[in-house]
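Reviewing the structure listed below.
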């Protein structure tokens, strides 16, 4: 009941600056932000933050920042940069965070598009980038920097130290004591609160304008579902320009009033995580994977007793850990063993991972392997997936406690409506939808249809419990010749969860069956071969070994056995496959720089192999040109064997 | 760059150093000005490290005079050099391999510590207060060199380039007015060299530290030093700004051999 009252109070304060000043009155001495500096965690309380935001906002106003101006923010997660967001919002301006590792020329488009007059950056490195592009951004007037190191010899008058800005602001505030309150009062919940640029894999980046209402609604929904309170801690280490960080580190922190913690540097995140012990944690799947790998490697070196104990209790956890976390009924014997295991293994393990206090951990951005997902849940870490886009404040589906399915992204979040279009595309409606794309009414009209549904571009379906399963990008989904749906990504991801498989490309659109190219993972398969005493001379040779083909066949058949249970994709079982003689490589244009397969290019380049797969041949000779890193070209040739995999008869469910 | 180079702070006049019959240095004179980066270069065995050891007080030249801030320096031991605010790094890394980065850098503060070892052992009274102050200084160095992520890692586990950086950190912890660097970039890859160059320039720029360095990488030397002195077979064959030295006939001969 207490939580109800708290959010009711927040509901009345519908912009972020008002939320901040509300917290500063209600809990002035509670920590709002922490940053590790000179080896010590420095703390700012809510009233400290409010004071600084006030000074920064007045400073900006003194420099001429006006309602409707955009403020570009470039840097690692730093308290001052988060404060600058609120400061801009106080004046009715719009913060525009940019990815800090982009080079100057990549930032140019956004700076021009947003017509930025003010930029706040972290350090000298970013200042240099701004100086590089200043001539090309006609609107740019002022650059403010947080870290003065190395800035002594910069004499340009448009550069300002953030501390000087605060000093200017304090003077301005003394002279015009009512100014800021009036500005904050003018703020309306339907104003744009932030502009986040989409990464622009298709065409130029677009500025997604989100209102205060949208982000506050998204944050409230998440806070309610996962019951996050003001006593929480979160580690803010993901790029500020990414919608997830804005949701967790900014919107949720201001809505729930918990503490954000900024790591010392990008390299220290793991040790900072251990020191803070956050209650809420977000990481992409690969981070969870590398954490698990490091634990497993260290266990290999442990003494016999510890090794046995670890594996015994991990067995127990695998059997009943996830069920205990979900509150399902579990036998007394298992419960007792799990309790003991928690004392001896899981507890210490969580501590090593920095997750002793975790109430909820999230992952998103890529598919997470079921084993990995189950591992974390089984040792008592409440790991969840969520689903959303920049355009929806990263808030569409959440997994409520006790109803976690690893292959779905959960149920529609509070306030969100979901509909599946006829072509399988997921449509979304709710308070968290974007207001518009900045200066792009054409794009806005394209992505939100006449009835107000936002078109996600993802294909998916709702299962019998109302959980959303995302299968692929809508434009990649095709049909088999018998009319059944063919979602290549969905099948490829299932295969890529096997450690021996690095990359897969599936074919099947307009065909009578699904066939696949497989890339082995050189590290994992090489290791596997060594332990079995299989000699090999490089990638091509290893990929052609009969033992390796057998290994991959087992993986494919396991996936087939899995696919047959799901009526939507049962027809997509892989009938035939081959293991490619070379790794798909961005240098050969087969992958994008972010390592996504360029499907059409691969299909054209290896047409002869596809023909062989569908013609029923048992082997095919191929010669491929490859580019080496130093620019030389060479040829790789091999005679590839084509393997038939076992498929399973489809059992139609009795009606 | 608006760097201000000051007066001569170290003046070496007619230095000769012999080990028995071997003449390591013969009649060498040069000086170092405040806030400058001074490089000593030369082929192997030219006497560069010996020169550095003379400055540092490890070797005592049989002939010649050394003036430090205008006063003639009599016999001096290395620890006295440290007390005069001269710090150095070594050609072969000389860190405590089993100790953490933090502890290694802390040893650089040793000349500044006033409390005795019993107080330290009990971590009591002024020893405690003092350690907190020193730790603050050490953390500033760690921040400056961007090695926060290895703060608690034993030095022996670090790659070579990082160990070199830690050694620089220990020298910096002493807040030296003059820093002697013996081949700070030996054995580094291009990226590590770039980092090290940046740190050397930053130290010089931000703290105004005078730097004397020995280095083999000509590109590096010519790029970052203000003046260069060239030694060959224990004799000085060139002295001046990088451009002068580059075009000096004797220097070209020493490096490329006769006939070129």
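Protein chains in written order, with my numbering: chain E, 1 to 655; chain W, 656 to 915.
Glycine included, each C-beta is placed from N, C-alpha and C at the ideal position.
Let me know the secondary structure DSSP gives residue i once reduced to three states.
i, result
"residue 236/E", "coil"
"residue 665/E", "Residue 665/E lies beyond the stretch modelled for chain E, which goes from 1 to 655, so this question has no answer here."
"residue 3/E", "At residue 3/E the pLDDT is 33, less than 50, meaning the model places this residue with poor confidence and gives no usable figure here."
"residue 312/E", "helix"
"residue 321/E", "helix"
"residue 853/W", "helix"
"residue 193/E", "strand"
"residue 586/E", "helix"
"residue 33/E", "strand"
"residue 13/E", "coil"
"residue 891/W", "strand"
"residue 519/E", "strand"
"residue 862/W", "helix"
"residue 543/E", "helix"
"residue 158/E", "coil"
"residue 103/E", "coil"
"residue 577/E", "strand"
"residue 79/E", "helix"
"residue 832/W", "coil"
"residue 715/W", "coil"
"residue 623/E", "strand"
"residue 606/E", "coil"
"residue 411/E", "strand"
"residue 216/E", "helix"
"residue 567/E", "coil"
"residue 140/E", "coil"
"residue 38/E", "coil"
"residue 671/W", "strand"
"residue 688/W", "strand"
"residue 905/W", "helix"
In chain E, which residues lie with their C-beta within 7 angstroms of the C-beta of residue i?
i, result
"residue 632/W", "Summary: the structure shown does not reach residue 632/W, with chain W confined to residues 656 through 915, and so no result is reported for it."
"residue 804/W", "265, 267 and 268"
Run down chain B in chain order and give the residues with a C-beta less than 9 angstroms from the C-beta of residue i.
i, result
"residue 818/W", "Among the protein chains of the structure shown, namely E and W, there is no chain B."
List the residues of chain E whose Cβ lies closer than 9 angstroms to the Cβ of residue i, in chain order.
i, result
"residue 1004/W", "The requested residue 1004/W is not part of the displayed model; chain W covers only 656 to 915."
List, in order along the chain, the chain E residues whose C-beta lies closer than 8 angstroms to that of residue i?
i, result
"residue 689/W", "Result: empty, since nearest Cβ-Cβ is about 18 angstroms, beyond 8 angstroms."
"residue 795/W", "38"
"residue 798/W", "37 and 38"
"residue 801/W", "265"
Using 8 angstroms for Cβ pairs, my map puts residue i next to residue j. What's the rounded Cβ distance?
i, j, result
"residue 221/E", "residue 61/E", "Contact flag wrong, Cβ pair sits at about 33 angstroms."
"residue 549/E", "residue 643/E", "6 angstroms"
"residue 866/W", "residue 824/W", "Between residue 824/W and residue 866/W the Cβ distance is about 15 angstroms, and since that is not below 8 angstroms, they are no contact."
"residue 811/W", "residue 843/W", "Actually they do not touch by this definition, with Cβ atoms about 18 angstroms apart."
"residue 469/E", "residue 408/E", "5 angstroms"
"residue 214/E", "residue 433/E", "7 angstroms"
"residue 858/W", "residue 808/W", "Actually they are not in contact, since the Cβ atoms of residue 858/W and residue 808/W sit about 23 angstroms apart, beyond 8 angstroms."
| Inside the segment 741-804 of chain W only - beta strand (DSSP E) runs reaching at least 3 residues | The DSSP assignment places complete beta strand (DSSP E) segments of no fewer than 3 residues inside the segment 741-804 of chain W at 741-744, in order along the chain.
| query | Just by C-beta distance, which residues in the segment 85-106 of chain E are closer than 9 angstroms to chain W? | reply | Going along the segment 85-106 of chain E in chain order, one finds no residue with a Cβ nearer than 9 angstroms to chain W.
| task | Using a Cβ-Cβ cut-off of less than 8 angstroms, list which residues of the segment 245-269 of chain E approach chain W; keep chain order. | result | Of all residues in the segment 245-269 of chain E, only 264, 265, 267 and 268 place a beta-carbon less than 8 angstroms from a beta-carbon of chain W.
| message | To be precise: take each residue of the segment 37-51 of chain E, compare its Cβ to all Cβ atoms of chain W, and keep it if any distance is under 8 angstroms. Which residues remain? | response | Cβ contacts with chain W: 37, 38, 39 and 40.
| field | Contained alpha helix (DSSP H) runs [length at least 4] in the segment 236-286 of chain E, N- to C-terminal order | value | For the segment 236-286 of chain E, whole alpha helix (DSSP H) runs of length 4 or above, ordered along the chain, are 253-256 and 269-276.
| Against chain W: residues of the segment 136-152 of chain E by CB proximity under 9 angstroms | Using a CB distance below 9 angstroms, the part of the segment 136-152 of chain E facing chain W consists of 149, 150 and 152, ordered along the chain.
| request: Check each residue of the segment 845-858 of chain W: if its Cβ is closer than 8 angstroms to any Cβ of chain E, include it; give the result in chain order. | output: Within the segment 845-858 of chain W, the qualifying residues are 857.
| Ranges of the beta strand (DSSP E) found wholly within the segment 449-501 of chain E, counting only runs of at least 3 | 454-462 and 468-473, all fully within the segment 449-501 of chain E.
| query | Which of the residues in the segment 777-793 of chain W, read from start to end, lie with their CB under 8 angstroms from any CB of chain E? | reply | Answer set for the segment 777-793 of chain W: 790 and 791.
| query | Can you list the alpha helix (DSSP H) stretches of 4 or more residues lying completely in the segment 369-393 of chain E, in chain order? | reply | Listed in chain order, they are 370-378.
| Can you give, in chain order, each stretch of the beta strand (DSSP E) that sits fully within the segment 341-373 of chain E and has at least 3 residues? | Correct list: 360-363.
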